[in-house]
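The next block holds one structure in the form of structure tokens; read it before the comments.
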Amino acid sequence: MTPTMTPKRRRRADQPARIPERGGRKLGYWLYFLPGALLVSVIIIYPIVRNLRLSFFHWRGGRAEEEFAGLENWAALLQDQEYIQSFQNIILVIFAMVIIPTLLGLVIAALLFDVIGRRFGGKLSSFLRATYYLPQILPIAVAGVLFGWLLRPNSSGVVNQFLTFITGSETTVNWLGGSYPTAMGSVMVLMIWIQIGYPVVIFMAALQRVDPELYEAAELDGANWYERFRAITLAQIKPEVFVVSLTTTIAAMKVFAPVFILTQGGPNKSTYVPSFYAYNEFVNGTDKGYAAAIASSITILVAIVAVIFIRVQNRSERKDA
């Protein structure tokens, strides 16, 4: 008796191809996962763990022996005025990289989308959006050299030349090395100029999903631009506001390049930020363990801030649901 042949099942067109399984696990998923996991482990996880361990030791670098220090490095941070000053400067950096760009980005994106885009067409608003984003694609070294040229302390500086033309008397302000207010203010202006394009692009992309009829209906009801901005724009792009606030806050807390390029922490170490202070201690300090404690404190603080932002966002989403 001839056995009945069971025809092979044909996979439907809408049925996804199955990944071969081995040992109850989908081998294909692990093959895709392993390279990324290896890179993250080598480039991120291992340095963080190594740095955190080093913060509990005294180490001069090189082949010198590591001496266990316990919490001495961490206790010294609380009495280090340069470390405290660096974190005080972070407040100003957050103001320059988070608060001002986010607020200006909201207003600019709303104007480009709700006013310029509707009245003059999408090409003009897209061109202006790209113009605002241009500083973001410049290497930070190029932006720093540009600002260094603008802020030269002698009469060859562009800003000093402009002030000389306006006031009628020669102006030779040392913007980057004269005093703390001018040096820190110059660094903040650079960060605002670089950062402002990022929220503009994110908010403009978020506004693309907003129904234009909402704006038209609000305008027909007599709502002005500010009323439309408050009732429609802010309500619709709240998730993007959280994302921009979180990412820029993290970037502000670990900012390094603007200070390194413009002021080198001067004058008199007054423009130190934690990342630059940790770098300076690693390069010029005698105790690499203390530098590791500075860097580890930044990592811990960034993690705490990220958790707080995520919790606040989740709570806001549950409230709106």
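With this note's numbering applied, the sequence shown corresponds to residues 1154 to 1474, in that order. Yeah, the Cβ is synthetic: ideal placement off N, Cα and C, and Gly gets one too. Keep in mind that this is a model prediction, so the values were computed, not measured.
Could you check whether residue j and residue i sit closer than 7 Å to each other, using their CB atoms as the reference points?
{"i": "Ala-1283", "j": "Met-1357", "result": "no"}
{"i": "Phe-1210", "j": "Ala-1222", "result": "yes"}
{"i": "Asn-1242", "j": "Val-1426", "result": "yes"}
{"i": "Leu-1205", "j": "Ser-1449", "result": "yes"}
{"i": "Ala-1213", "j": "Thr-1439", "result": "Inspection of the sequence shows that residue 1213 is occupied by Arg rather than by Ala. For Arg-1213 and Thr-1439, yes; Cβs fall inside 7 Å."}
{"i": "Tyr-1368", "j": "Asp-1267", "result": "yes"}
{"i": "Leu-1265", "j": "Leu-1281", "result": "yes"}
{"i": "Ile-1269", "j": "Ser-1279", "result": "no"}
{"i": "Met-1406", "j": "Val-1436", "result": "no"}
{"i": "Gln-1466", "j": "Phe-1395", "result": "yes"}
Under three-state DSSP, which class holds residue i?
{"i": "Phe-1462", "result": "helix"}
{"i": "Phe-1209", "result": "coil"}
{"i": "Phe-1221", "result": "strand"}
{"i": "Gly-1258", "result": "helix"}
{"i": "Val-1408", "result": "coil"}
{"i": "Val-1326", "result": "coil"}
{"i": "Ile-1390", "result": "coil"}
{"i": "Leu-1231", "result": "coil"}
{"i": "Gln-1417", "result": "coil"}
{"i": "Pro-1200", "result": "helix"}
{"i": "Leu-1454", "result": "helix"}
{"i": "Ile-1447", "result": "helix"}
{"i": "Asn-1307", "result": "coil"}
{"i": "Gly-1177", "result": "With a pLDDT of only 48 at Gly-1177, under the threshold of 50, the placement of this residue in the model should not be trusted; the figure read from the coordinates follows. Coil at Gly-1177, not helix or strand."}
Residues in the same chain with beta-carbon distance under 8 Å from residue i, minus the five sequence neighbours each way, listed in chain order, please.
{"i": "Pro-1306", "result": "Asn-1313, Thr-1325, Val-1326, Asn-1327, Trp-1328, Leu-1329, Gly-1330 and Gly-1331"}
{"i": "Ile-1447", "result": "Leu-1230, Tyr-1236, Pro-1427, Tyr-1430, Ala-1431 and Glu-1434"}
{"i": "Tyr-1285", "result": "Ile-1261, Ile-1349, Gly-1350, Val-1353 and Val-1354"}
For residue i, tell me which candidate among the options has the shortest Cα-Cα distance.
{"i": "Ala-1370", "options": "Gln-1361, Tyr-1432 and Ile-1385", "result": "Ile-1385"}
{"i": "Pro-1494", "options": "Val-1436, Glu-1366 and Ala-1336", "result": "A query on residue 1494 cannot be resolved here, the shown segment of the chain reaching from 1154 to 1474 and no further."}
{"i": "Glu-1218", "options": "Tyr-1185, Glu-1225, Leu-1207 and Leu-1224", "result": "Leu-1207"}
Whose C-beta lies closer than 7 Å to the C-beta of residue i among residues of the same chain, with five residues either side of it excluded?
{"i": "Gln-1289", "result": "Ile-1347, Gly-1350 and Tyr-1351"}
{"i": "Val-1340", "result": "Pro-1411, Val-1412, Leu-1415, Thr-1416 and Thr-1424"}
{"i": "Glu-1323", "result": "Ser-1308 and Thr-1317"}
{"i": "Thr-1452", "result": "Ile-1201"}
Within a Cβ cutoff of 6 Å, which residues of the same chain sit near residue i, ignoring the five residues on either side of it in sequence?
{"i": "Tyr-1333", "result": "Ser-1423"}
{"i": "Val-1311", "result": "Leu-1303"}
{"i": "Glu-1225", "result": "none"}
Legend entry - Touch test, the region 1246–1254 against the region 1343–1356, Cβ-Cβ under 8 Å, three pairs minimum: Output reads yes: the region 1343–1356 touches the region 1246–1254.
Legend entry - At least three beta-carbon pairs within less than 8 Å, the region 1399–1410 to the region 1242–1251: These segments touch.
Legend entry - the region 1427–1443 / the region 1228–1240 touching (three or more Cβ pairs under 8 Å): Touching, yes, given that three or more Cβ pairs across the two stretches are closer than 8 Å.
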